[in-house]
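Asker:
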Amino acid sequence: MLASVTNQESLREKYPDIHEDELCLAWIKTGGRVEVPKEEYHRVRKRAARHRWDELMGELYMVTISGKELLVPKPCDRIQLVREHHERTGHWGIRRTLNLLWQRHYWVGMKQDVRAVVTQCQTCQRVKTHYAREEAMLTPLEIKSFMYRWSLDLAWPTKRITKARNQRVLVMIEHYTRFVVCVPSSPKLLK
Ligand SMILES: [Zn+2]
Numbered sequence: 001m002l003a004s005v006t007n008q009e010s011l012r013e014k015y016p017d018i019h020e021d022e023l024c025l026a027w028i029k030t031g032g033r034v035e036v037p038k039e040e041y042h043r044v045r046k047r048a049a050r051h052r053w054d055e056l057m058g059e060l061y062m063v064t065i066s067g068k069e070l071l072v073p074k075p076c077d078r079i080q081l082v083r084e085h086h087e088r089t090g091h092w093g094i095r096r097t098l099n100l101l102w103q104r105h106y107w108v109g110m111k112q113d114v115r116a117v118v119t120q121c122q123t124c125q126r127v128k129t130h131y132a133r134e135e136a137m138l139t140p141l142e143i144k145s146f147m148y149r150w151s152l153d154l155a156w157p158t159k160r161i162t163k164a165r166n167q168r169v170l171v172m173i174e175h176y177t178r179f180v181v182c183v184p185s186s187p188k189l190l191k
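Counting in full-length UniProt numbering, the sequence shown runs without a single skipped number right up to 191 at its last residue.
1) Residue 152 lies in the beta strand (DSSP E); which residues open and close that run?
2) My assumption, with CB atoms under 8 Å, is that residue 197 sits in contact with residue 59. Please give the rounded CB distance.
3) Could you check whether the Cβ of residue 123 sits closer than 6 Å to any heavy atom belonging to ligand 1?
4) Between the beta-carbon of residue 123 and the beta-carbon of residue 91, is there less than 7 Å?
5) Is residue 130 near ligand 1, in the sense that its beta carbon is under 6 Å from a heavy atom of that ligand?
6) Going residue by residue through the segment 53-111, where are the continuous alpha helix (DSSP H) segments of at least 4 residues, counting only ones entirely within it?
7) So what's residue 39 in DSSP terms, helix, strand or just coil?
8) Quick one: does the C-beta of residue 91 sit closer than 6 Å to a heavy atom of ligand 1?
9) Return the chain-ordered list of same chain residues with a C-beta closer than 8 Å to the C-beta of residue 93, the five sequence neighbours on each side being excluded.
10) Please classify residue 28 as buried or exposed, where buried requires at least 16 other C-beta atoms within 10 Å of its C-beta.
11) Quick check: the Cα distance between residue 165 and residue 82, rounded to an integer number of angstroms?
12) Report all residues from its chain with a CB closer than 7 Å to the CB of residue 78; omit the five preceding and five following residues, and keep chain order.
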């Protein structure tokens with residue numbers, strides 16, 4: 001979290017967050033009917049032109065070049081918003097969560113916030129350690145060549161009984177080619 005906060009701070013110094021850019025916010029909300037110091041005028045007007053304030057909902061939108069409007073949530077709501085997206089999708093990773101958020105939202109430092117939420121998600125961490133443990137216990141069987149290893153398994157009982165009174169299937173797999181042989185078998189034969 002600390003790394004993400006530091007990143008966010010340096011980004012904010014460079015481009016102040018729109019919600020903290022008071023002059024710009026005032027311009028957006030009043031449609032330019034605001035006193036702006038001369039040296040700030042150009043910057044504020046330019047930035048404000050890319051935003052829209054929704055009076056009714058009290059929400060700020062960023063307007064893209066193509067005219068699409070993206071919601072710019074307040075800084076205090078962002079982490080919760082990312083968390084909701086991450087959890088609602090069944091714990092998607094950083095890239096996919098980010099892509100999903102980007103379709104309707106925008107803010108400076110969104111990537112850092114997504115990374116912080118996903119890497120610190122307790123559920124994801126539990127799943128990861130669980131899989132790591134499972135993997136450590138599994139040792140793959142060696143397959144040297146064709147016909148080196150076969151595995152046999154019984155599928156049973158199948159619902160239908162054949163005329164020859166077979167109700168089970170002996171499934172044999174050759175591991176090198178993954179060639180499968182199925183042999184109908186009677187319950188008696190393979191008891
Ligand atoms: Zn997660």
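C-beta: ideal position from N, C-alpha, C; glycine also.
Answerer: Taking the structure as given:
1) For residue 152, the uninterrupted beta strand (DSSP E) run begins and ends at 150-155, by DSSP.
2) The structure shown has nothing for residue 197, since the chain only spans 1 to 191.
3) Taking non-hydrogen atoms of ligand 1 into account, the C-beta of residue 123 is found less than 6 Å away from one of them.
4) Between residue 123 and residue 91, the C-beta gap is smaller than 7 Å, which places the two residues in contact.
5) No, the beta carbon of residue 130 sits no closer than 6 Å to any heavy atom of ligand 1.
6) Runs found: 78-88 and 94-102.
7) Note: residue 39 maps to helix in three-state DSSP.
8) Yes, the Cβ of residue 91 comes within 6 Å of a heavy atom of ligand 1.
9) So the list reads 118, once near-sequence residues are dropped.
10) Residue environment analysis places residue 28 among the buried positions, since at least 16 neighbouring C-beta atoms fall within 10 angstroms of its C-beta.
11) Cα-Cα distance, rounded: 59 Å.
12) Here the set comprises 107 and 113.
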